Amino acid sequence: MREDHLITAKQLSRADIEAVLDRAAEIDADVSAFGDRHEDAVLGLMFFEPSTRTKMSFETAIKRLGGETVDMGPVDSSSVKKGESLADTMRVVEGYADALVLRHPSQGAAKMVSEFVDVPLLNAGDGAGHHPTQTLLDLYTIRENAGLDDLNVGIMGDLKYGRTVHSLAHALTNFDAQQHFISPESLQLPRSVRYDLHESGAMVREHTELDEILPSLDVLYVTRIQRERFPDENEYQEIAGEYGIDLETLDAAKDDLTVMHPLPRVDEIAPEVDGTEYANYFEQAHNGVPVRMALLDQMLEEDQ
Amino acid sequence: MSDHELRVSKIRNGTVIDHIRGGQALNVLAILGIDGSEGEAVSVGMNVPSDRMSHKDIVKVEGRELSQDEVDVLSLIAPEATINIIREYEVAEKQHLERPERVVGVLSCPNHNCITNAGEPVETKFDVLDDGVRCEYCETIVRDDLAAHISVK
Ligand SMILES: [Zn+2]
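Chains A and B, in that order, are what the protein sequence lines are. For what it's worth, our numbering labels the leading residue of the first sequence as 1, then goes sequentially. For what it's worth, our numbering labels the leading residue of the second sequence as 305, then goes sequentially.
Take a look at the structure:
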């Protein structure tokens, strides 16, 4: 990766992605061999929006590389409450850490911070914008299960606000993948993502029903439809029910379909699917550690 | 522009912005921050018949030449406009507008959740697309009614 920061999946070429995934595979094969790679490295965890899992995943990753974390703690008790700007907060913490991880509720937050800090910055989610480290672990999981070429990928659920979806869609344009977006009309991809996909010449199709396309899919990436997006509970129930899967739904799927989900799920995937060969979402979550280790390893190495 | 038209409200030194899309003249003045309070002579023609455009607006400002920044912004809301710089009653320069690749600190982002609306020390930056503009921070694309997003100083 030529840039110091990882802000959006759009900046990742196929070679960038493969370099991270290859290193993640090496790490996965023998984690202990990497235990002293970055002794004394300090990673700043800046979570302006709660996200226990992503944070723990980064924390685990840096510790397994021999490093440590500094953590701003919950937003409630931080200087944000005193009205300090994000730009200032990050410039201060930059002095404490060798790399920074940022999760922020505003879109474009990571891009802005990247203009102020010199240590490597990792975007761990900015509003409905991007979530590139999630995308790398998604791609790692896809590669392990189905390979990254000649793929039919279905992406279903809240495509409008789902940042993991936006980042994954951008990254998949690097591969020979046909993307199928399945959602209610009210939650289709936003204009800006469509624009980028169109510009990159991606193979994209949109559907409102899963049945139309399920039998041809190699990967089905399910996302949560967020209840808080709906003013009316009944409307939510109706839509959420239609975009969930259970064993019966999967009757029509290929035997080697890989079902993924960035988690947490609510009821988009029935628990009965968990024990089947289709289910890969817990493995996907576990992959977060080696992938983030690989990424941190690469960034800290380049920064020396 | 015909001689007759020029004669109507001839200015000595200043700028004539011609071929503005009908109804946009007041937006053009707003962008330029011209409200007459500086005592400059301003004449505005709205929905004037035009050979090229059926109806057009025209703005003439005495004693004022436009900067490149101003011209860039104008090109976003009045891409068909032509600018005539007048010196000593003569058209000294005539230029067609060219859309810039980006505009900085001029438009505000309509996305309330965009970091540029959060009181941070950054200027807005928009990439100019074929049919609209796009926030470089939150990536929101704005196609309609750009004039409404111009942050007039
Ligand atoms: Zn914006």
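All residues carry an ideal CB built from backbone N, CA and C; glycine is no exception. Everything numeric in this text was worked out from a predicted model, so none of it was measured.
**Asked** So is Val266/A buried or exposed if we call it buried at 16+ other beta carbons inside 10 Å?
**Response** exposed
**Request:** Determine the burial state of Asp98/A: buried for a count of at least 16 other Cβ atoms within 10 Å of its Cβ, exposed for fewer.
**Result:** buried
**Prompt:** Taking Cβ positions only, does Ala422/B come closer than 8 Å to chain A?
**Reply:** yes
**Message:** Can you give me the C-alpha to C-alpha distance between Val273/A and Thr164/A, rounded to a whole angstrom?
**Reply:** 22 Å
**Asked** If you measure from the CB of Asn123/A, is any heavy atom of ligand 1 nearer than 7 Å?
**Response** no
**Asked** What is the rounded straight-line gap between the Cα of Gly154/A and the Cα of Leu172/A?
**Response** 12 Å
**Request:** Just the C-alpha distance for Asp449/B and Gly201/A, rounded to the nearest angstrom, thanks.
**Result:** 28 Å
**Asked** Roughly how many angstroms lie between the CA atoms of Met203/A and Asn388/B, to the nearest whole one?
**Response** 47 Å
**Request:** Report yes if the C-beta distance between Pro404/B and Asp376/B is below 8 Å; otherwise report no.
**Result:** yes
**Prompt:** Beta-carbon of Lys111/A versus every beta-carbon of chain B: anything under 8 Å?
**Reply:** yes
**Request:** Take Ala294/A as the anchor and find which of Pro215/A, Thr8/A, Asp76/A and Glu26/A has the nearest alpha-carbon.
**Result:** Glu26/A
**Message:** Within a Cβ cutoff of 8 Å, which residues of the same chain sit near Val407/B, ignoring the five residues on either side of it in sequence?
**Reply:** Asp376, Val377, Leu380, Lys429, Phe430, Val432 and Val437
**Prompt:** Who are the Cβ neighbours of Arg356/B in its own chain at under 7 Å, not counting the five residues just before and after it?
**Reply:** His323
**Request:** Please decide whether Thr428/B counts as near chain A, where near means a Cβ-Cβ distance under 8 Å.
**Result:** no
**Request:** Anything in chain A within Cβ reach of Pro425/B, meaning under 7 Å, just list it in chain order.
**Result:** Ser85 and Ala87
**Request:** Drop a sphere of 10 angstroms on the beta-carbon of Thr52/A, count the other beta-carbons inside from all chains shown, and report buried for 16 or more, exposed for fewer.
**Result:** exposed
**Asked** Along chain B, which residues have their Cβ under 9 Å away from the Cβ of Ser186/A?
**Response** None at all; the shortest Cβ gap to chain B is about 18 Å.
**Item:** Residues of its chain near His131/A, where Cβ-Cβ distance is below 6 Å and the 5 sequence neighbours each way are ignored
**Value:** Gly125, Arg163, Thr164 and Ser167
**Message:** Buried or exposed for Arg224/A, going by 16 or more other Cβ atoms inside 10 Å?
**Reply:** buried
**Asked** Which of the three DSSP states, helix, strand or coil, is assigned to Lys360/B?
**Response** strand
**Message:** Given 7 Å as the limit, tell me if Asn152/A has its C-beta closer than that to any heavy atom belonging to ligand 1.
**Reply:** no
**Message:** Let's test the definition: count the other Cβ atoms within 10 Å of the Cβ of Asp176/A and tell me whether it reaches 16, buried, or not, exposed.
**Reply:** exposed
**Message:** Assuming Tyr221/A is part of the alpha helix (DSSP H), what are its boundary residues?
**Reply:** No alpha helix (DSSP H) holds Tyr221/A; the beta strand (DSSP E) holding it covers Val219 to Val222.
**chain A contacts made by the stretch 397-409 of chain B, where a contact means CB separation under 9 Å** = none
**Request:** Kindly indicate if chain A contains any beta-carbon less than 8 Å away from that of Glu443/B.
**Result:** yes
**Asked** When you compare only the Cα positions, how much space is there between Gln11/A and Arg316/B?
**Response** 53 Å
**Asked** Measuring from the CB of Gly108/A, is there a heavy atom of ligand 1 at a distance below 7 Å?
**Response** yes
**Request:** Out of Ser114/A, Thr8/A, Gly127/A and Val119/A, point me to the one whose CA is closest to Pro105/A's CA.
**Result:** Gly127/A
**Request:** Find the nearest neighbour of Val426/B within the set Phe230/A, Tyr140/A, Asp88/A and Thr133/A, judged by alpha-carbon distance.
**Result:** Asp88/A
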